[in-house]
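Student:
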Amino acid sequence: MTMIWKFRQIVRFTLVNQLTSGVICFVGLACAIALLRPFSTEMNNLWSNRLQPVFELTTLMFAFLIWFSNQRSRWEESLPKRLSVTYVFDGRPVMRCERATLIDESDIRAMAQQMGAQMAGGRLAFGPVVNIVAPSVERIEDGAAIRCYGMSFHLTELPDCIRELSSTQGQGVLVRRVVGHEFVDNYLPCPTNNGHGT
Numbered sequence: 033m034t035m036i037w038k039f040r041q042i043v044r045f046t047l048v049n050q051l052t053s054g055v056i057c058f059v060g061l062a063c064a065i066a067l068l069r070p071f072s073t074e075m076n077n078l079w080s081n082r083l084q085p086v087f088e089l090t091t092l093m094f095a096f097l098i099w100f101s102n103q104r105s106r107w108e109e110s111l112p113k114r115l116s117v118t119y120v121f122d123g124r125p126v127m128r129c130e131r132a133t134l135i136d137e138s139d140i141r142a143m144a145q146q147m148g149a150q151m152a153g154g155r156l157a158f159g160p161v162v163n164i165v166a167p168s169v170e171r172i173e174d175g176a177a178i179r180c181y182g183m184s185f186h187l188t189e190l191p192d193c194i195r196e197l198s199s200t201q202g203q204g205v206l207v208r209r210v211v212g213h214e215f216v217d218n219y220l221p222c223p224t225n226n227g228h229g230t
């Protein structure tokens, strides 16, 4: 990893994520200069009377935007973390675990695999495709905010519990939700299934 490549990646990240803030500050500076320019009668006093306050105000605005951005990041990191995982077989979801408590982001994959094995009551055959969704902040029922992580695993074999449920209740999705401090499982039929088997 070269230093130039790393610098380019940081610049690209900054442009993508901080472009709005930069544009707002640039437009604000341009407007302030345009508004103050007609009032300057003497070129010698232009800097001390007009431009210096504009640059000071712009510096203050940048400092505020940086502080606010850091505060937002710290706030998001302090939120309770939840993990939702979807297990897909043959192009359709067959199991889903919603908003399980996540202690640390580093164990997302292992935790998701463990939850799937618990839901299936045994072994799962995971394929090579794993999709990870970028974390987002969501508002829950009581008005509090949580930081949600999501991912999906593609399975190479239909779990036995889903095969049994499909044969008795038709094609559907086994959904595990966190209610209080417990998991509640529900088998939800697919809406297009009309109650018929697989």
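Position in the sequence shown (from 1) plus 32 gives the number in our numbering.
Think of the CB as a built atom: it goes at the ideal place given N, C-alpha and C, for glycine as much as any other residue.
Roughly how many angstroms separate the alpha carbons of K113 and I178, rounded to a whole number?
Tutor: Translated into the one-based positions of the sequence shown, residue 113 becomes position 81. Translated into the one-based positions of the sequence shown, residue 178 becomes position 146. Their Cα atoms are separated by approximately 6 angstroms.
Student: Just tell me which of D139, G182, C63, R171 has its CA closest to the CA of N163.
Tutor: Here the question's residue 163 lines up with position 131 in the sequence shown. Minimum Cα distance to N163 is reached at G182.
Student: Are there 16 or more other CB atoms within 10 angstroms of the CB of G148, so buried, or fewer, so exposed?
Tutor: Residue 148 sits at position 116 when you count from the first residue of the sequence shown. Buried, since its Cβ has 16 or more Cβ neighbours within 10 Å.
Student: Can you give, in chain order, each stretch of the alpha helix (DSSP H) that sits fully within the segment 134 to 206 and has at least 4 residues?
Tutor: Segments of the alpha helix (DSSP H) lying fully in the segment 134 to 206: 140 to 152, 192 to 201.
Student: When you compare each of S168, V207, R195, S198 to E20 by their alpha carbons, which one comes out closest?
Tutor: Because the chain spans 33 through 230 in this model, residue 20 falls outside it and cannot be assessed.
Student: Using the rule of at least 16 other Cβ atoms within 10 Å of the residue's Cβ for burial, across every protein chain shown, is S101 buried or exposed?
Tutor: Translated into the one-based positions of the sequence shown, residue 101 becomes position 69. So S101 counts as exposed.
Student: Does the distance from the CB of F53 to the CB of L97 come in under 8 angstroms?
Tutor: Within the sequence shown, the letter at position 21 stands for residue 53. Within the sequence shown, the letter at position 65 stands for residue 97. It should be noted that the sequence gives Ser, not Phe, for residue 53. Result yes, Cβ atoms of S53 and L97 sit closer than 8 angstroms.
Student: Going along the chain, which residues of its own chain have a beta-carbon closer than 6 angstroms to the beta-carbon of G204, five neighbours each way excluded?
Tutor: If you number the sequence shown from 1, residue 204 lands on position 172. Counting only Cβ-Cβ distances below 6 angstroms, and skipping sequence neighbours, we find Y219, L220, P221, C222.
Student: For the beta strand (DSSP E) containing P221, list its first residue and its last residue.
Tutor: Walking along the sequence shown from the start, residue 221 turns up at place 189. First-last of the beta strand (DSSP E) with P221: 214 to 221.
Student: So for N111, helix, strand or coil by DSSP?
Tutor: The count along the sequence shown starts at 1 and reaches residue 111 at position 79. Note that residue 111 is Leu in the sequence shown here, rather than Asn. Here L111 sits in coil by DSSP.
Student: Determine the contact status of A157 and T188, defining contact as a CB-CB distance below 8 angstroms.
Tutor: Counting from 1 along the sequence shown, the entry for residue 157 is found at position 125. Counting from 1 along the sequence shown, the entry for residue 188 is found at position 156. Cβ distance < 8 angstroms, so A157 and T188 count as in contact.
Student: What does the alpha-carbon distance come out to for the pair S184 and V117?
Tutor: The residue given as residue 184 occupies position 152 in the sequence shown. The residue given as residue 117 occupies position 85 in the sequence shown. About 5 angstroms.
Student: Let me check understanding here. Comparing Cα to Cα, which of V126, L115, I194 lies closest to L134?
Tutor: Position 102 of the sequence shown, counted from the start, is the residue given in the question as residue 134. It is L115.
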